[in-house]
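Enquirer: Quick mapping for you: the protein sequence lines, in order, are chains U and A.
Number 102 in the numbering used here belongs to position 57 of the first sequence; there are no gaps in the numbering.
Number 656 in the numbering used here belongs to position 564 of the second sequence; there are no gaps in the numbering.
Quick reminder that beta carbons are idealized off the backbone N, C-alpha and C, glycines included.
Below is one structure. I have some questions about it.
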Amino acid sequence: MIRINCPYCGERDHSEFSYGGDASIKYPSLEASEKEWTEAIFFRKNIRGFQLETWHHSNGCRMWLEVERSTVTHEIKSVRPCHPDLQKVVENNK
Amino acid sequence: MKSKRLNNLGKIDRDKTLNFTWDNKKLSGFEGDSLASALLANNIGIVGRSFKYHRPRGIFSSGVEESGALVTIGSKDRRDPNVRATTQELFDGLKASGQNAFPNVNFDLGGINNYIGRFFAAGFYYKTFMGIPPFEWGKGTTIWMLFEKLIRKAAGMGSASRLPDPDSYEHAHDFCDVIVVGSGPSGVAAAIEAAEKKLDVILVEQDSLVGGNQLSENDFSTSEIFNQLKSLGIKVMTRTTAFGLYDNCVVGLLERVTDHLSIPDSTLPRQRFWTIRAKHIIVGSGALERHIAFNNNDIPGVMTVNASKHYLNRYGVLTGEDIVIATNNDSVYETANELSEAGANVTVLDSRTNIEIDSNKNFEIRKGFVPYNINGTKKIDSLDISKSENINKIDTINCDQVLLSGGWSPAVHLLSHRGVKPKWDPENACFIPSDTKENITMIGSSRGLWNKDDCIASGVAGATDALNRLGVSKTNYFFPKPGGWKNPIKPLYEVKYKKSRSKSFVDYQHDVTADDVRLAHREGFISVEHLKRYTTLGMANDQGKMGNIIGLSLMADLLNKEIPEVGTTVFRPPYTPVPIGALTGRNVGKHFRPLRVTPMHQWNIDHGAKMIEVGLYQRPWYYPKKMKHSVIHILEKQQL
Numbered sequence: 046m047i048r049i050n051c052p053y054c055g056e057r058d059h060s061e062f063s064y065g066g067d068a069s070i071k072y073p074s075l076e077a078s079e080k081e082w083t084e085a086i087f088f089r090k091n092i093r094g095f096q097l098e099t100w101h102h103s104n105g106c107r108m109w110l111e112v113e114r115s116t117v118t119h120e121i122k123s124v125r126p127c128h129p130d131l132q133k134v135v136e137n138n139k
Numbered sequence: 093m094k095s096k097r098l099n100n101l102g103k104i105d106r107d108k109t110l111n112f113t114w115d116n117k118k119l120s121g122f123e124g125d126s127l128a129s130a131l132l133a134n135n136i137g138i139v140g141r142s143f144k145y146h147r148p149r150g151i152f153s154s155g156v157e158e159s160g161a162l163v164t165i166g167s168k169d170r171r172d173p174n175v176r177a178t179t180q181e182l183f184d185g186l187k188a189s190g191q192n193a194f195p196n197v198n199f200d201l202g203g204i205n206n207y208i209g210r211f212f213a214a215g216f217y218y219k220t221f222m223g224i225p226p227f228e229w230g231k232g233t234t235i236w237m238l239f240e241k242l243i244r245k246a247a248g249m250g251s252a253s254r255l256p257d258p259d260s261y262e263h264a265h266d267f268c269d270v271i272v273v274g275s276g277p278s279g280v281a282a283a284i285e286a287a288e289k290k291l292d293v294i295l296v297e298q299d300s301l302v303g304g305n306q307l308s309e310n311d312f313s314t315s316e317i318f319n320q321l322k323s324l325g326i327k328v329m330t331r332t333t334a335f336g337l338y339d340n341c342v343v344g345l346l347e348r349v350t351d352h353l354s355i356p357d358s359t360l361p362r363q364r365f366w367t368i369r370a371k372h373i374i375v376g377s378g379a380l381e382r383h384i385a386f387n388n389n390d391i392p393g394v395m396t397v398n399a400s401k402h403y404l405n406r407y408g409v410l411t412g413e414d415i416v417i418a419t420n421n422d423s424v425y426e427t428a429n430e431l432s433e434a435g436a437n438v439t440v441l442d443s444r445t446n447i448e449i450d451s452n453k454n455f456e457i458r459k460g461f462v463p464y465n466i467n468g469t470k471k472i473d474s475l476d477i478s479k480s481e482n483i484n485k486i487d488t489i490n491c492d493q494v495l496l497s498g499g500w501s502p503a504v505h506l507l508s509h510r511g512v513k514p515k516w517d518p519e520n521a522c523f524i525p526s527d528t529k530e531n532i533t534m535i536g537s538s539r540g541l542w543n544k545d546d547c548i549a550s551g552v553a554g555a556t557d558a559l560n561r562l563g564v565s566k567t568n569y570f571f572p573k574p575g576g577w578k579n580p581i582k583p584l585y586e587v588k589y590k591k592s593r594s595k596s597f598v599d600y601q602h603d604v605t606a607d608d609v610r611l612a613h614r615e616g617f618i619s620v621e622h623l624k625r626y627t628t629l630g631m632a633n634d635q636g637k638m639g640n641i642i643g644l645s646l647m648a649d650l651l652n653k654e655i656p657e658v659g660t661t662v663f664r665p666p667y668t669p670v671p672i673g674a675l676t677g678r679n680v681g682k683h684f685r686p687l688r689v690t691p692m693h694q695w696n697i698d699h700g701a702k703m704i705e706v707g708l709y710q711r712p713w714y715y716p717k718k719m720k721h722s723v724i725h726i727l728e729k730q731q732l
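Structure representation (structure tokens):
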């Protein structure tokens with residue numbers, strides 16, 4: 046079972062979270078070409094090793110998290126809130 | 093086999109007699125017995141029939157690796173098939189019966205399979221019934237479907253009850269700093285070391301008593317250790333098996349809460365399925381003794397050496413009168429001594445020649461000898477022996493029991509669940525665990541340590557490793573190196589006697605013989621995974637706990653490779669079978685999924701509606717009023 050250390054709630058089972066997909070995607074501007082948008086929406090790298098992904102603590106604090114997780118061992122390197130302001134709040138509360 | 097109960101020895105309570113039935117025969121045992129030890133005390137040799145050939149089978153071991161004494165416990169809706177008699181505790185009123193036999197295990201009509209056995213080589217069913225010549229034009233599957241039913245009936249194990257399970261099961265969760273699996277010398281040492289450093293420790297033991305293999309020692313007191321562990325605040329969970337390790341130090345446990353009670357408390361669940369979230373896992377799961385493959389090595393009366401010691405010192409049962417011990421390592425000599433002191437006539441065949449053994453010579457040691465054939469069908473009459481270099485008949489020993497020890501295999505199963513491949517240790521002829529980055533430490537004989545002091549040292553080292561990784565302390569530690577016998581082990585997996593068509597069993601569970609492995613090689617199934625699926629080596633209840641290494645070594649021999657080059661199959665959870673009921677827990681009946689109700693739900697029920705499921709909701713399907721069929725109703729109304 047994957048255990049995710051939510052910065053607000055503490056370490057919880059992955060069953061409390063929902064997977065949100067690749068966190069490294071930067072969406073292009075609205076004026077960007079069709080090709081750029083296609084790539085941003087559909088093309089994903091099949092990474093072996095650590096990848097950045099988003100998880101939603103849907104049965105908890107409902108915060109969106111950025112999780113750095115290994116696809117081979119499920120080892121988690123870092124967890125932080127997606128929203129930069131929330132990140133500051135969490136850091137200040139430490 | 094002539095096994096009997098002794099008046100001394102054992103950790104049983106001779107004042108408390110327990111009555112039980114075996115195949116409708118009334119027998120008795122004592123408090124503290126396992127079903128297997130009680131059967132042995134009553135001199136019952138045949139307890140089962142084998143999977144394919146329906147050969148009579150006895151008790152091979154004293155633990156979870158058992159593949160012979162699989163019995164059915166209970167009756168009606170509580171009928172539980174394929175229970176290992178060796179791990180089932182005896183209770184008053186226990187009903188046990190043999191399985192895979194008609195009419196019973198002593199006389200089984202299916203035994204005919206043994207004589208036509210050469211038609212049942214590996215892959216026989218698929219080769220034959222997938223397409224019988226006149227019908228084979230593309231209709232193989234149809235033919236197979238037809239025959240499959242018959243085959244399933246003839247080859248198999250016990251059958252489960254078709255009635256709903258009357259017992260309840262529970263899911264439970266717990267957290268801890270360190271979980272220690274196994275309460276042998278190393279596990280106890282690790283748990284104590286960690287608890288003294290103020291860590292929250294859970295100790296898991298699959299047996300009813302704490303002690304691991306020390307329970308087979310005469311002067312061992314389990315209650316002393318149990319009290320010491322308790323006084324340190326360690327949570328000791330007995331009758332609990334750690335069946336699997338999962339990501340992020342999550343351990344799955346199965347606790348058998350009432351399986352050992354004759355009248356269980358109705359408020360208790362039968363079993364509990366635990367999910368433990370730990371910070372560090374220490375595994376001291378011990379090692380399993382292997383047998384040796386040679387002709388008729390499955391006749392009732394064959395057992396592993398350590399099992400015999402276990403029955404002697406834990407249950408006060410002497411498993412034979414004239415005992416031959418065949419070995420290739422040092423671990424058997426203490427047992428030989430104790431058996432002969434208990435009154436048995438013991439001969440040790442050691443396949444090695446240049447060895448030094450200090451013993452008080454109560455028994456005969458024949459160096460350089462190996463067994464190659466057992467004479468007898470339902471019991472052992474005699475054993476043919478030979479020099480280990482050139483297999484030729486030298487002598488026949490009259491005996492009623494043959495104890496085997498082909499070396500020990502560390503139980504690396506739990507680490508294997510995490511995808512860590514074990515590495516081959518040629519010096520000790522076994523697979524030993526590799527290191528892992530995860531917070532898992534292997535200790536004791538599951539690291540390949542055969543010496544008790546080494547095991548204790550490794551337990552302390554394992555706990556120190558845990559403390560270091562959890563950042564509690566920074567202490568140097570080292571693990572003793574694998575091994576610990578005075579004389580090195582000499583690999584001995586199969587004794588092949590060329591002149592006979594032999595049934596030398598590699599894996600007792602599914603009747604896999606050495607010839608089956610050779611057939612698989614001839615037909616090109618040389619990868620370990622193919623070998624497993626083609627011959628069913630290492631499948632079913634015991635998952636190849638005893639026979640896997642022998643099968644691998646035979647394949648390595650045929651391929652002229654070393655065992656590590658052939659590889660090892662990956663062990664997957666569970667370590668021992670987990671009932672579906674325990675996995676389901678309370679989620680049965682109306683708790684299987686929630687019922688959502690609409691505001692009109694009750695009105696519909698009140699008006700006698702037949703409901704139909706719509707997702708989680710129910711809505712009325714129809715109202716079976718005393719109304720006539722609607723067509724007739726209309727016809728009548730219209731007066732047509």
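Which word fits A/Glu381, buried or exposed, when buried means at least 16 other C-beta atoms lie within 10 angstroms of its C-beta?
Expert: Burial call: buried.
Enquirer: If you measure between the beta carbons of A/Ile472 and A/Gly393, is that distance less than 7 Å?
Expert: Closer than 7 Å, so yes.
Enquirer: Does the contact criterion of 3 or more C-beta pairs under 8 Å hold for the stretch 421-432 of chain A versus the stretch 585-601 of chain A?
Expert: With the cut-off at 8 Å, the stretch 421-432 of chain A and the stretch 585-601 of chain A do not touch.
Enquirer: Is A/Ile384 near A/Leu584, with beta carbons less than 7 Å apart?
Expert: Their beta carbons are under 7 Å apart, which means A/Ile384 touches A/Leu584 by this criterion.
Enquirer: Name the residue from A/Ala370, A/Val440, A/Leu295 whose alpha carbon lies nearest to the alpha carbon of A/Gly376.
Expert: When only C-alpha atoms are compared, the closest one is A/Leu295.
Enquirer: Taking Cβ-Cβ distances shorter than 7 Å, what residues in chain U pair up with A/Tyr338?
Expert: In chain order: Met46.
Enquirer: Please list the terminal residues of the continuous alpha helix (DSSP H) segment that includes A/Ile642.
Expert: Run containing A/Ile642: 640-650, per the alpha helix (DSSP H) assignment.
Enquirer: Quick check: what's the CA-CA separation for A/His265 versus A/Leu346?
Expert: If I take the Cα positions, the gap works out to 11 Å.
Enquirer: Terminal residues of the continuous beta strand (DSSP E) containing A/Lys322?
Expert: Premise fails: A/Lys322 lies in the alpha helix (DSSP H), 314-323, not in any beta strand (DSSP E).
Enquirer: Which partner residues does A/Asn387 have in the DSSP bridge list?
Expert: A/Asn465, A/Ser596.
Enquirer: Can you tell me whether A/Asp311 is buried or exposed? The criterion is at least 16 other CB atoms within 10 Å of its CB, across all chains shown.
Expert: It is exposed - the Cβ of A/Asp311 has fewer than 16 other Cβ atoms within 10 Å.
Enquirer: Which two residues bound the contiguous beta strand (DSSP E) that contains U/Trp109?
Expert: 109-115 is the extent of the beta strand (DSSP E) around U/Trp109.
Enquirer: Bridge partners for A/Gln493 per DSSP, in chain order?
Expert: BP columns for A/Gln493 point to A/Ile415.
Enquirer: Buried or exposed for A/Trp695, going by 16 or more other Cβ atoms inside 10 Å?
Expert: Exposed is the call here.
Enquirer: Note down the Cα distance separating A/Arg331 from A/Gln180, rounded to an integer number of angstroms.
Expert: Going by the C-alpha atoms only, they are around 10 Å apart.
Enquirer: Just the Cα atoms here: how many angstroms apart are A/Asn543 and A/Lys578?
Expert: Their Cα atoms are separated by approximately 10 Å.
Enquirer: Is there a Cβ from chain A that is less than 7 Å from the Cβ of U/Thr128?
Expert: Position check: residue 128 of chain U holds His in this sequence, whereas Thr was assumed. By this cut-off, U/His128 is not an interface position.
Enquirer: Less than 7 Å separating the beta-carbons of A/Lys582 and A/Asn446?
Expert: No. Outside cutoff.
Enquirer: Check the Cβ-Cβ distances between A/Val328 and every residue of chain U, and say whether any is below 7 Å.
Expert: No, A/Val328 lies away from the interface with chain U (no Cβ there is under 7 Å from its Cβ).
Enquirer: Could you tell me which of A/Val397, A/Leu353, A/Leu562 sits nearest to A/Phe183, measuring between CA atoms?
Expert: Among A/Val397, A/Leu353, A/Leu562, the Cα nearest to that of A/Phe183 belongs to A/Leu353.
Enquirer: Checking 7 Å against the spacing of the C-beta atoms, do A/His146 and A/Gly190 come in under that value?
Expert: It is not a contact, given that the beta carbons lie outside the stated cut-off.
Enquirer: Report back the beta-carbon spacing between A/Gly155 and A/Thr178 to the nearest angstrom; my notes put them in contact at under 8 Å.
Expert: The Cβ separation is near 6 Å, so the contact holds.
Enquirer: Going by Cα to Cα distance, which pick from A/Tyr464, A/Phe461, A/Thr488, A/Glu481 is closest to A/Ser90?
Expert: Because chain A spans 93 through 732 in this model, residue 90 of chain A falls outside it and cannot be assessed.
Enquirer: Assess contact between the stretch 131-138 of chain A and the stretch 332-341 of chain A, defined as three or more Cβ pairs (one per stretch) separated by less than 8 Å. Is contact present?
Expert: Contact between the stretch 131-138 of chain A and the stretch 332-341 of chain A is absent, because fewer than three Cβ pairs lie under 8 Å.
Enquirer: Threshold first: 4 residues or longer. Then list the alpha helix (DSSP H) segments lying entirely within the stretch 97-174 of chain A, N to C.
Expert: List check, alpha helix (DSSP H) in window: 127-133.
Enquirer: Could you pull the start and end residues of the beta strand (DSSP E) that A/Pro502 belongs to?
Expert: Looking at the DSSP string, the run of the beta strand (DSSP E) that includes A/Pro502 is 500-502.
Enquirer: Please report the straight-line C-alpha distance between U/Glu120 and U/Gln96, rounded to a whole angstrom.
Expert: Using only the alpha carbons, I get a separation of about 11 Å.
Enquirer: Find the residues of chain U that neighbour A/Val342, judging by a C-beta separation of less than 8 Å, and give them in chain order.
Expert: The answer, in chain order, is Met46, Arg48.
Enquirer: Give me the chain C residues within the contact set of A/Arg369, using Cβ-Cβ distance strictly less than 9 Å, ordered along the chain.
Expert: Annotation note: the requested chain C is absent from the structure, which comprises protein chains U and A.
Enquirer: Could you confirm whether any beta carbon from chain A is found closer than 7 Å to the beta carbon of U/His119?
Expert: Closer than 7 Å: yes.
Enquirer: Within the continuous alpha helix (DSSP H) that includes A/Arg625, where are the two ends?
Expert: Note, A/Arg625: alpha helix (DSSP H), 620-627.
Enquirer: Excluding the 5 residues flanking A/Cys268 on each side, which residues of the same chain have their C-beta closer than 6 Å to its C-beta?
Expert: Taken in chain order, the residues that qualify are Asp292, Ile294, Ala370.
Enquirer: Should the stretch 660-676 of chain A be regarded as contacting the stretch 611-624 of chain A, the criterion being three or more beta carbon pairs within less than 8 Å?
Expert: Short answer: they touch.
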